[in-house]
Amino acid sequence: MRGRRQVAGALVAGLVAGVLVLAVPAPVAADGGTDVEVTCSGIPLLGTTTTTATVNADDDVDPVEVGGTVINTLNVPVPVGDVPVEVTVTELKLTVPIPAGVTLTDVAFTPSSFSGDSWSVVGTDLVATLTGSVPLGGGAPAPTVPDVAVTTTIAGPARTVSWTVPSSITAKASSFLGPFTATCTPTTPSTVLITTEVTEVAGPEVPGVPAGLDVDLAQGYALVRWSAPASDGGAAIESYLVTSTAGGVPGPSLLVGADGREAEFTDLEDGVAHTFSVAATNAVGTGLAVGPSATVTPRWWLPWSSGATAVDEIVTWMTGTPPTAAERSGWLARLDAGTLTVGGLVDEVRDGADALANVDPTIRLYSAYLVRVPDAGGLNFWLRRRRSGYTLSRISSYFEDSSEFQTRYGSLTNRQFVEQIYRNVLGREGEESGIAYWTRQLDLRRKDRGQVMINFSESSEYIRVVADQVDAAAVLIHLIGISPSTAQRDAFVDAADASSLADAVRPLLREASFADRAG
8 MRGRRQVAGA LVAGLVAGVL VLAVPAPVAA DGGTDVEVTC SGIPLLGTTT TTATVNADDD
68 VDPVEVGGTV INTLNVPVPV GDVPVEVTVT ELKLTVPIPA GVTLTDVAFT PSSFSGDSWS
128 VVGTDLVATL TGSVPLGGGA PAPTVPDVAV TTTIAGPART VSWTVPSSIT AKASSFLGPF
188 TATCTPTTPS TVLITTEVTE VAGPEVPGVP AGLDVDLAQG YALVRWSAPA SDGGAAIESY
248 LVTSTAGGVP GPSLLVGADG REAEFTDLED GVAHTFSVAA TNAVGTGLAV GPSATVTPRW
308 WLPWSSGATA VDEIVTWMTG TPPTAAERSG WLARLDAGTL TVGGLVDEVR DGADALANVD
368 PTIRLYSAYL VRVPDAGGLN FWLRRRRSGY TLSRISSYFE DSSEFQTRYG SLTNRQFVEQ
428 IYRNVLGREG EESGIAYWTR QLDLRRKDRG QVMINFSESS EYIRVVADQV DAAAVLIHLI
488 GISPSTAQRD AFVDAADASS LADAVRPLLR EASFADRAG
């Protein structure tokens, strides 16, 4: 009997040690090994016995802020020892008190000799259960017990959270003595296995320093760009403060919204060195600024390489010939003095003799015939011929023979043709007297359709109706160098109507694509 009691005691010690693996939530500060003494009852032939097992535990973080998460991991091998007979364990169950203010979100088990594992929260306790048919002793190899990872969320206030030993451990098993259930309780229930230091959440700070400061420069204009700081300081960024200096003296500042990453400075003094800085602001305050930027100096002729090049290219592009020396000198003097802007120069060229005699009539005839914005290639082709001496009548005859014109008007009677060009060219229904007059001119062969089109395209009504559209087409095709869409033309018209043609030109010169065009 004495031998059997010794065997049973050893078995219970093994069972208890195995159960303790589940009992310990992992410590936050690598609490290490703790010797846990337990008293077990319900053991056949033995009654009550006491045994000790060493529990090892570690964690992933300590201290932790209020509201933070801690993952605790633990493992204890089963000290089977020299157990001469085999016992089969079918269930291990333990109950662990959960400290106040701690919420379990997950318990994970690594693979082990047990075929099943589960956990639940009952009241204020964690109940973990292993099930299976696991042999112990009798020469059987030591079983594999799982590593147990307990994930918890820690509520406030700041304090030390202490996990104590399990309040109870139950092992169900069977041996040659038959089935039995052993229940174990700690000798000292207040024994602490793990402590976690909980700290208050650090308050928000001002944001970090923005990154990637860059400045693009144009006539009287700077576009400042930046990237968000690596840290918002723990509070959402509300705005960015962009400051400038001019000649070393503080200049204007701009406030940009939280989603903004660029700021436009306009009306910068020409020839004066400027720098820029950017700082982020949240509810706490404004952080350190990135900057100052590299020094940049606005020049009226940017993005051209010089003022002379700017004048030469603008005039040549828009009139087909470079300016004379006297014209260049006169414009440069005014531009350098600040009494004329690049946009103003474009406006003056648009009011010049070439525009009135060649550019505008050709754009109007092109638009009247084809009912669309001229494309750059087509307009420039006919404009070269106009400047070389072609009359509008001669150009009109070519348009009249074009497939595009014939497709639109070729099958119409003379009256239908006249009615349709009222709609397409003047944008309205024709009055009966006008329709009858032009129809009679065609019927009597006094005029052909091309001559009628010239009369419409050069009528005072049409010149007035399309004046803004002609300006837009000329600027976009000749100055900017594109074949504009209807939307691009209309956007320029709207910008010019809102201010002036000179002001509408300025943002076009700031486009990266134009910087590639300017010499």
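Last residue of the sequence shown: 526 (the numbering used here), numbering continuous.
Beta carbons are placed, not taken as given, at the ideal position from N, Cα and C, and that holds for glycine.
None of the values given here were measured: they were computed from a predicted structure.
- Contact annotation, I489 with A383: C-beta distance approximately 7 Å; criterion of less than 8 Å satisfied.
- S48 sits in a strand when the DSSP states are folded into three classes.
- CA-to-CA, the gap between S466 and A225 works out to about 40 Å.
- When beta bridges are read from the DSSP output, V297 appears opposite V285.
- The three-state secondary structure of G123, taken from DSSP, is strand.
- By the criterion of a C-beta distance shorter than 7 Å, G39 is surrounded in its chain by N63, once the five residues flanking it on both sides are discounted.
- Contact check for P217 against A235 passes: the beta carbons are separated by less than 9 Å.
- Uninterrupted alpha helix (DSSP H) stretches at least 4 residues long and entirely within the segment 405-439 occur at 410-416, 421-428, given in chain order.
- In this structure, S246 sits away from V199, with a CB-CB distance that is not shorter than 9 Å.
- By the CB criterion at 9 Å, T190 and S175 fall inside the cutoff.
- Of all alpha-carbon atoms in W324, T136, P118, the one lying nearest the alpha-carbon of W126 is that of T136.
- Between I321 and V285, the C-beta gap is not smaller than 9 Å, which leaves the two residues out of contact.
- Following the DSSP letters along the chain, one finds I161 in no alpha helix (DSSP H) but inside the beta strand (DSSP E) bounded by residues 155-161.
- Burial check for G219: the Cβ neighbour count within 10 Å stays below 16, so the residue is exposed.
- When the five nearest sequence neighbours on each side are left out, the beta carbons in the same chain lying within less than 8 Å of the beta carbon of V472 are those of L433, G434, in order along the chain.
- In the structure shown, W308 adopts coil according to DSSP, grouped into three states.
- Residue state for V141 is assigned as strand, using DSSP reduced to three classes.
- Distance from P310 to F521 at the Cβ level is roughly 7 Å; contact confirmed, criterion being Cβ atoms closer than 8 Å.
- Around the beta carbon of A290, a 10 Å sphere encloses fewer than 16 other beta carbons of the protein chains shown; the residue is thus reported as exposed.
- Counting along the chain, S520 sits inside the alpha helix (DSSP H) bounded by residues 519-524.
- Exposure of S409 is indicated by the presence of fewer than 16 other C-beta atoms within 10 angstroms of its C-beta.
- Under the 8 Å Cβ criterion, the segment 419-434 does not count as touching the segment 326-341, having fewer than three qualifying pairs.
- Between D239 and R232, the C-beta gap is not smaller than 9 Å, which leaves the two residues out of contact.
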